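Read the structure below first, then the notes.
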């Protein structure tokens, strides 16, 4: 076959094919959301979560004193919040199991319904009548609502986000969660309560929750969450709920992960109860200074949930949890006590310790993908175990303080929390690290089905 020489001129110009379209997942075509690790297909869910948690978090800073001002004793108010905490722990446990059977979207809708119905009952009936029993029932059962909605969406993320970026996707989840509760929720309450009143502000929280729910449930069209996550023949609710308990024994590493999640925020909920008294009564800080320290703590946490989520993807899930979570929390727990004790009422020193602690709490962000890797075929049940640990920490943290602050003092309680965080760094060694997946491989087979 003859070869065309360089000086040969063709008699006709052959048609030129147009350049190929770039692949949808090519780097140049990726959206800003994709580049920062927030799955574009789930973006409306994140937006709805922020508004929902702002509405849920408005009451966090003032509902307890409001009820006391209405004539209820501190013990009676404490009992109301205890019932709420138990309901929240149950809702957190149920979220994953129900998502396996019914799908995350339906679980989120049920959570939003519980929240709205019982919040209206609280505001329209219980509070106007001054009925303590109705307040206990309405507010307590409402506690089921936010974990079903919020943790239902977290299961959706676990099922639909690309596995290579799951840490970043969860980092954005916790960013949105914490941005709403307690950060923007409390900030909004500080403006609304003086302006319109405490009772009226609770009605505004309902509007925000309903708006956030509508955004997530109507505009979020990613198809994975529309169906149960288990294969259709395995979606028995009874078996799913039973499996959420038996998986702790059948897969001991899942149980270990649940214990690590329990430790994660146990110190947080304990410190929030008794540390304000230590800072104001012992160290001489003003209450306003303590509130600013909390702002520093949670503001730092907002930043580092994104940093450590991405670090888990790029470095190691286990090492991020061990060093950035367990070890950093151990050191910063002790720093929260010893540094201000040595420096006195020095806000900058205390702020450095508070910021380090907030960052350490964020170091546990890669735990969900590490846990689900232990039983990838039972994601919802694994997330039930994870959420159970999260819910139980709300009660365990204050309980440790209540039991030990008398005989051991603040110093002893701080050492208990620090020891628990150090224990979590040891426990994480028992969880095998999953292998790295291709960049565009979805975390769940249904996530390949996308809404147009």
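Residue numbers (the working numbering): 14 to 465.
Glycine included, C-beta positions come from ideal geometry on N, C-alpha and C.
Bear in mind that the values here come from a model prediction, so they are computed numbers and not experimental data.
Asked, Found
"Collapsed DSSP secondary structure at residue 445 in the structure displayed", "coil"
"Short CB-CB distance (under 8 Å) between residue 207 and chain C", "Of the chains in the structure shown, none is chain C; there is only one protein chain."
"Neighbourhood of residue 66 by C-beta, 6 Å cutoff - its chain only, sequence neighbours within 5 removed", "190, 193, 194"
"Segments of 4+ residues assigned as alpha helix (DSSP H) that fall wholly inside the segment 340 to 416", "341 to 356, 360 to 375, 380 to 385"
"Whole-angstrom distance between residue 201 and residue 57, CA atom to CA atom", "22 Å"
"Stretch-stretch touch, CB-based, cutoff 8 Å, three pairs: the segment 152 to 168 with the segment 61 to 79", "yes"
"Within 8 Å, strictly: CB atoms of residue 364 and residue 348", "no"
"Unbroken alpha helix (DSSP H) run spanning residue 262, endpoints", "250 to 263"
"Nearest-angstrom Cα separation, counted from residue 401 out to residue 381", "12 Å"
"Selected residue, minimal CA-CA separation from residue 398, among 335, 267, 85, 250", "267"
"Neighbour-count burial assignment, residue 204, 16 or more Cβ in a 10 Å radius", "exposed"
"Distance, residue 245 Cα to residue 312 Cα", "43 Å"
"Touching by the beta-carbon criterion (3+ pairs, under 8 Å), the segment 410 to 424 and the segment 297 to 308", "no"
"Test item: CB-CB of residue 183 and residue 170 under 8 Å", "yes"
"7 Å CB neighbourhood of residue 239 in its chain, flanking five on each side removed", "116, 118"
"Buried versus exposed call for residue 281 [16 or more other C-beta atoms within 10 Å across all chains shown]", "buried"
"Spatial distance of residue 40 from residue 392 (CA atoms)", "Residue placement at residue 40 is poorly supported in this model, since its pLDDT is 45, which falls under 50; the coordinates still yield a value, given next. If you take the alpha carbons of residue 40 and residue 392, they lie about 29 Å apart."
"Assigned exposure category for residue 132 - 16 Cβ within 10 Å defines buried", "buried"
"For residue 315 and residue 214, believed in contact at Cβ under 8 Å, the rounded distance", "Residue 214 to residue 315, Cβ: 23 Å. No contact."
"Buried or exposed by the 16-neighbour rule on C-beta atoms within 10 Å, applied to residue 326", "buried"
"Coil, strand or helix - residue 61 by DSSP", "helix"
"When 45, 310, 255, 225 are compared against residue 110, the one with the closest alpha-carbon", "255"
"Residue 37 classed as buried or exposed, judged by whether at least 16 other C-beta atoms fall within 10 angstroms", "Interpretation of residue 37 is limited by its pLDDT of 39, a score under 50 that renders its predicted location unreliable; the figure taken from the coordinates is listed afterwards. Exposed."
"Stretch-stretch touch, CB-based, cutoff 8 Å, three pairs: the segment 423 to 430 with the segment 118 to 130", "no"
"Rounded distance between the beta-carbons of residue 221 and residue 68, thought under 8 Å", "3 Å"
"Residue 35 versus residue 340: straight-line alpha-carbon distance, rounded", "Because residue 35 carries a pLDDT of 44, less than 50, the predicted location of this residue cannot be relied on, and no value is offered for it."
"8 Å Cβ shell around residue 357 - same chain, five flanking residues per side excluded", "296, 297"
"Nearest to residue 174 (by Cα), restricted to the options 350, 431, 211, 51", "51"
"Alpha carbon of residue 430 to alpha carbon of residue 368, nearest angstrom", "17 Å"
"Same chain, Cβ closer than 8 Å to residue 188, five either side skipped, listed in chain order", "315, 318, 319"
"Same chain only: Cβ atoms within 6 Å of residue 107, ignoring 5 sequence neighbours per side", "none"
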